[in-house]
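So the sequence lines, in the order shown, correspond to chains A and B. For the first sequence, our numbering assigns the number 1 to the initial residue and increments by one for each residue that follows. For the second sequence, our numbering assigns the number 1 to the initial residue and increments by one for each residue that follows. Note that beta-carbon positions come from the ideal geometry of N, C-alpha and C, so glycine has one too. On a predicted model such as this, the values are computed, not experimentally measured, just so you know.
2 protein chains.
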Amino acid sequence: MSHTPAYVVALDVGGTSMKGGLVSENGVVLLSERRPTPRADGPEAVVTAIRDFIGHLAETGDGNPAGVGLAVPGLVSEDTALYAANLGWRDIPAQDFTDLGVPVVLGHDVRTGGLAESVLGAGRGAADFLFLPIGTGIAGAMIVDGAPYGGAAGWSGEIGHIPVFPDGEQCACGQYGCLETYASAASVGRRYAQRAGLENAKAEQVVVSDDPIAIEVWDEAVEALSLALATYTLLLDPAMIVLGGGLSQAGPALFDPVRTRLVKRLSFREAPPLLPAALGVDAGMLGAALLGWRAAGRPDLGASWDVDVRAAPLVS
Amino acid sequence: MSHTPAYVVALDVGGTSMKGGLVSENGVVLLSERRPTPRADGPEAVVTAIRDFIGHLAETGDGNPAGVGLAVPGLVSEDTALYAANLGWRDIPAQDFTDLGVPVVLGHDVRTGGLAESVLGAGRGAADFLFLPIGTGIAGAMIVDGAPYGGAAGWSGEIGHIPVFPDGEQCACGQYGCLETYASAASVGRRYAQRAGLENAKAEQVVVSDDPIAIEVWDEAVEALSLALATYTLLLDPAMIVLGGGLSQAGPALFDPVRTRLVKRLSFREAPPLLPAALGVDAGMLGAALLGWRAAGRPDLGASWDVDVRAAPLVS
Chain A
1 MSHTPAYVVA LDVGGTSMKG GLVSENGVVL LSERRPTPRA DGPEAVVTAI
51 RDFIGHLAET GDGNPAGVGL AVPGLVSEDT ALYAANLGWR DIPAQDFTDL
101 GVPVVLGHDV RTGGLAESVL GAGRGAADFL FLPIGTGIAG AMIVDGAPYG
151 GAAGWSGEIG HIPVFPDGEQ CACGQYGCLE TYASAASVGR RYAQRAGLEN
201 AKAEQVVVSD DPIAIEVWDE AVEALSLALA TYTLLLDPAM IVLGGGLSQA
251 GPALFDPVRT RLVKRLSFRE APPLLPAALG VDAGMLGAAL LGWRAAGRPD
301 LGASWDVDVR AAPLVS
Chain B
1 MSHTPAYVVA LDVGGTSMKG GLVSENGVVL LSERRPTPRA DGPEAVVTAI
51 RDFIGHLAET GDGNPAGVGL AVPGLVSEDT ALYAANLGWR DIPAQDFTDL
101 GVPVVLGHDV RTGGLAESVL GAGRGAADFL FLPIGTGIAG AMIVDGAPYG
151 GAAGWSGEIG HIPVFPDGEQ CACGQYGCLE TYASAASVGR RYAQRAGLEN
201 AKAEQVVVSD DPIAIEVWDE AVEALSLALA TYTLLLDPAM IVLGGGLSQA
251 GPALFDPVRT RLVKRLSFRE APPLLPAALG VDAGMLGAAL LGWRAAGRPD
301 LGASWDVDVR AAPLVS
C-alpha cells in the first residue's frame with residue numbers, strides 16, 4: 001500500500017541566509033530553520049549546502065518528503081536555475097539540489113514571495129496586484145491574471161531600476177534616478193548618513209527622526225515610491241498594491257504619505273489600495289512550500305490554509 | 001441544411017470616424033468603408049449610427065453575417081460598453097449595436113488593435129509585447145501571455161500618462177510631465193509652434209526640420225519615449241516593442257534615436273527590439289474582425305490569414 005508523505009521541504013535561498021521548513025498539506029509549518037548561504041565559497045558550495053539542508057530537514061521528518069520547493073534568485077524556470085549573478089550559477093538542473101529522488105520545483109525568489117502573498121496573504125482573492133518588498137534592494141512580483149508574471153524571458157518586475165528622477169543621483173546599477181537608489185531601506189540609511197555627515201545610519205532612524213535632513217531624505221524616498229507606484233498603476237491597473245520588506249515596518253510613516261502622494265499623482269483614475277504584506281520574512285519559504293506541493297502533484301493546496309505570521313515570524 | 005455565413009462585420013469606432021469592413025473566414029477584406037462618428041449629436045446618436053453602419057455593411061454582403069466585432073473606446077467588457085467619456089456612454093449592451101440578431105463581441109479600441117498586431121501583424125509569434133500607437137494621444141496595448149491584458153478593471157495601458165519628467169510641463173490631464181504631453185504627434189506639433197511662435201505646426205515638419213528649436217522639441221519627445229520604454233521594459237520584460245500610429249511614419253528619425261537612448265537607459269539587461277507596426281490604421285478594424293469571428297464561435301481564425309496592409313491602408 002503506497003502512502004503519500006504528509007509534508008514537503010521548502011527552502012528560500014537568499015544571498016546571506018537560507019530559510020527552510022517542512023510544511024504539511026494543511027499548511028502547518030512543522031519545522032523551520034535558518035542556515036547561512038556560503039556564497040564566498042563559490043557556486044558549487046552553495047548547491048551542496050542546499051542539498052545538505054534539504055536532506056537535514058527531510059530527515060527531521062520521516063526522510064521522505066512528497067516534494068521540494070525552492071525559491072532562488074536570478075533567472076529561473078521550474079526545472080532549472082538558469083542564471084544568478086550573485087551566486088555565480090548557470091544552468092543548474094532542479095534535481096541537482098537534492099539526492100532524495102523526489103520531484104523539485106524552482107521559483108524566482110521575489111515572485112515566489114508574491115505567490116505566497118497571493119494564495120495565503122494580503123492578496124488573497126485578488127487576481128491582479130503588485131507585491132513590492134522594500135529591503136536592501138527593491139524588486140516587485142507582478143501578479144497578473146492570478147499568477148506571478150515573469151515576462152518574455154523571466155526578467156520582469158525590476159521596478160527598483162525604473163528612472164523615477166531621470167536627472168537624479170547615480171544608482172549602483174550605473175543608471176540615474178532609479179527608484180532603488182532613493183527608496184530602498186539601504187539607500188534611505190546611506191543618503192541620510194552622507195548628508196548628515198555620519199559614519200552610517202539605519203532607515204528606521206531616518207523614519208522617526210526630527211532632523212530636517214532626515215525629513216528631506218524620507219520625503220524624497222516617499223516621492224520616488226509614489227512616482228513608481230503611479231507609473232505601475234497607470235500601466236497595469238492593479239486591484240491593490242502590497243508593500244512588504246523591512247521598510248514596510250515603518251507602518252503609517254510610510255503608508256500614509258505614499259498613499260496621499262499616489263492619489264495626487266493620478267488624475268483620471270482612482271488609486272488602488274495600499275496594503276501591508278501579511279507574511280513578512282516567511283513569504284519566500286511559504287511560497288516555496290506551495291511550489292513543493294505543486295512538485296508533488298498538488299497545485300490545489302494553499303487556498304484553504306490558515307497562515308497568520310504577521311505577529312511573529314516563523315523563521316527568526 | 002444550415003449554412004454558416006462566410007463573413008463578419010467589423011467596426012472600429014473612433015472619436016472622429018468609424019472604419020467598417022466585411023471580413024471572410026480566410027481573412028479577406030471583402031469591403032471597407034468609413035463614416036463620420038456623430039459625436040456632437042450625443043451618445044444615442046452614435047449608437048444609432050453604428051447600428052445603421054453595421055446594417056449597411058451586412059446588406060452589402062448577403063445580409064446575414066456570422067457575427068459582429070466592435071472596437072470602442074473607454075471601459076469595455078466583451079458584452080457591454082461600460083463607460084466612454086468622449087462618447088458619453090454608460091453600460092450599453094453589445095446587442096444594442098445591431099438589430100441583425102447575430103452574436104456581437106466588443107473590445108477596447110487600443111487593445112483590439114494590439115490583438116490584430118499580435119495575431120496578424122508585427123507581433124506574430126510573440127506572446128509578450130507592447131503595441132504602442134503614437135497619434136494625437138498615446139495609449140498602449142500590453143500583450144501578456146498571448147492576449148491583450150486589461151488589468152484588474154480594464155484601465156491598463158495608460159502609458160501616455162506616466163510621469164517621465166516629474167517636474168515637467170503640465171499635461172491636459174492635470175498632471176505634470178506625462179509622456180503624452182511631450183511625445184504624442186499633437187504635442188510635438190504644439191510644442192514646436194509655441195516655442196517658434198507659429199500659429200500651428202505638424203509633427204511631420206518638426207521631425208525633418210533643421211531649426212534648432214524643432215531639433216530640441218524632437219529630442220525631448222525622443223527622450224520622453226525612451227524613458228517610458230525603459231520603464232516598460234524593466235517592469236514587463238517584453239519580447240519586443242511595436243510602434244504604430246501617425247508618428248511611427250517618421251521611420252528611422254524616430255526608431256534610430258529611441259533605440260539608442262533605450263539601450264543607454266538600460267544597464268543590466270538588453271533592450272527589446274523596436275519594430276514598426278504592420279497593420280497601420282487598419283489594426284482596429286482587423287482586430288474587430290477577429291472579435292467578430294470569436295462572436296461567431298471561431299476563435300481559431302486569424303493565425304493563418306495573410307494580411308499585408310503596410311503598403312496601402314484598406315480604409316482611406
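Assigned secondary structure, residue i (DSSP; H/G/I helix, E/B strand, else coil)
i         : result
B/Arg-298 : coil
A/Trp-89  : strand
B/Pro-103 : coil
A/Phe-165 : coil
B/Leu-279 : coil
B/Met-1   : Residue placement at B/Met-1 is poorly supported in this model, since its pLDDT is 42, which falls under 50; the coordinates still yield a value, given next. Here B/Met-1 sits in coil by DSSP.
A/Ser-375 : Here chain A has residues from 1 to 316 only, and residue 375 of chain A is not among them.
A/Gly-15  : coil
B/Val-76  : strand
A/Ala-381 : The requested residue 381 of chain A does not occur in the structure, where chain A is confined to residues 1 to 316.
B/Ser-209 : coil
A/Pro-36  : strand
A/Leu-290 : helix
B/Leu-30  : strand
A/Pro-65  : coil
B/Leu-57  : helix
B/Gly-49  : For the sequence presented, residue 49 of chain B should be read as Ala rather than Gly. Helix.
B/Ala-10  : strand
A/Ala-116 : helix
A/Ala-126 : coil
Cβ distance (whole Å) where residue i is taken to contact residue j below 8 Å
i         : j         : result
A/Met-285 : A/Gly-21  : 5 Å
A/Phe-129 : A/Gly-121 : That belief does not hold up - the Cβ atoms of A/Phe-129 and A/Gly-121 are roughly 11 Å apart, past 8 Å.
A/Ala-10  : A/Gly-69  : 5 Å
B/Glu-117 : B/Ala-277 : 6 Å
B/Gly-137 : B/Glu-180 : 6 Å
A/Gly-61  : A/Pro-103 : Wrong, their Cβ atoms sit about 16 Å apart, outside the cutoff.
A/Pro-43  : A/Leu-100 : Between A/Leu-100 and A/Pro-43 the Cβ distance is about 21 Å, and since that is not below 8 Å, they are no contact.
B/Ala-324 : B/Leu-106 : Look at the range of chain B in this structure, 1 to 316, and you will see that residue 324 of chain B is not part of it.
B/Ala-228 : B/Ile-162 : 6 Å
A/Leu-235 : B/Tyr-232 : 7 Å
B/Ile-159 : B/Gly-140 : 4 Å
B/Gly-292 : B/Val-76  : About 15 Å; that fails the 8 Å criterion.
A/Thr-98  : A/Arg-34  : The Cβ separation is near 19 Å, so there is no contact.
A/Pro-65  : A/Val-28  : 14 Å between Cβ atoms; not a contact.
Residue of the options minimising C-alpha distance to residue i
i         : options                                       : result
B/Ala-183 : B/Ile-54, B/Glu-216, B/Val-110 and B/Phe-268  : B/Glu-216
A/Ser-226 : A/Asp-211, A/Gln-170, A/Phe-268 and A/Phe-165 : A/Phe-165
B/Asn-108 : B/Asp-12, B/Gly-280 and B/Gln-194             : It should be noted that the sequence gives His, not Asn, for residue 108 of chain B. Nearest of B/Asp-12, B/Gly-280 and B/Gln-194 to B/His-108, Cα basis: B/Asp-12.
A/Val-110 : A/Gly-292, A/Asp-41 and A/Ala-283             : A/Ala-283
A/Pro-38  : A/Pro-238, A/Ala-58 and A/Gly-14              : A/Gly-14
A/His-222 : A/Thr-16, A/Phe-255 and A/Ile-143             : The question names His, but residue 222 of chain A is Val in the sequence shown. A/Val-222 has its Cα closest to that of A/Phe-255, out of A/Thr-16, A/Phe-255 and A/Ile-143.
A/Val-46  : A/Val-208, A/Ser-32 and A/Ile-92              : A/Ile-92
A/Ala-271 : A/Ala-126, A/Asp-237 and A/Ala-288            : A/Asp-237
B/Arg-190 : B/Tyr-176, B/Val-206, B/Gln-175 and B/Cys-178 : B/Val-206
B/Asp-219 : B/Ser-24, B/Asn-26 and B/Ala-253              : B/Ala-253
A/Tyr-149 : B/Ser-304, B/Asp-145 and B/Ala-152            : B/Asp-145
Environment of residue i [buried if 16+ CB atoms lie within 10 Å]
i         : result
A/Phe-268 : exposed
B/Gln-170 : exposed
A/Lys-264 : exposed
A/Pro-36  : exposed
A/Leu-198 : exposed
B/Thr-260 : exposed
B/Pro-73  : buried
A/Leu-30  : exposed
B/Pro-212 : exposed
A/Arg-90  : exposed
B/Ala-186 : buried
B/Glu-59  : exposed
A/Ala-40  : exposed
B/Pro-299 : exposed
B/Glu-25  : buried
B/Thr-16  : exposed
A/Pro-273 : exposed
Checklist entry - Unbroken alpha helix (DSSP H) runs of length 4 or more, entirely within the stretch 219 to 276 of chain B: which are they? => result Those alpha helix (DSSP H) runs which fall completely within the stretch 219 to 276 of chain B and span 4+ residues are 252 to 264.
Checklist entry - In chain order, which continuous runs of the alpha helix (DSSP H) of length 4 or greater are located wholly inside the stretch 170 to 199 of chain A? => result List check, alpha helix (DSSP H) in window: 179 to 183 and 185 to 196.
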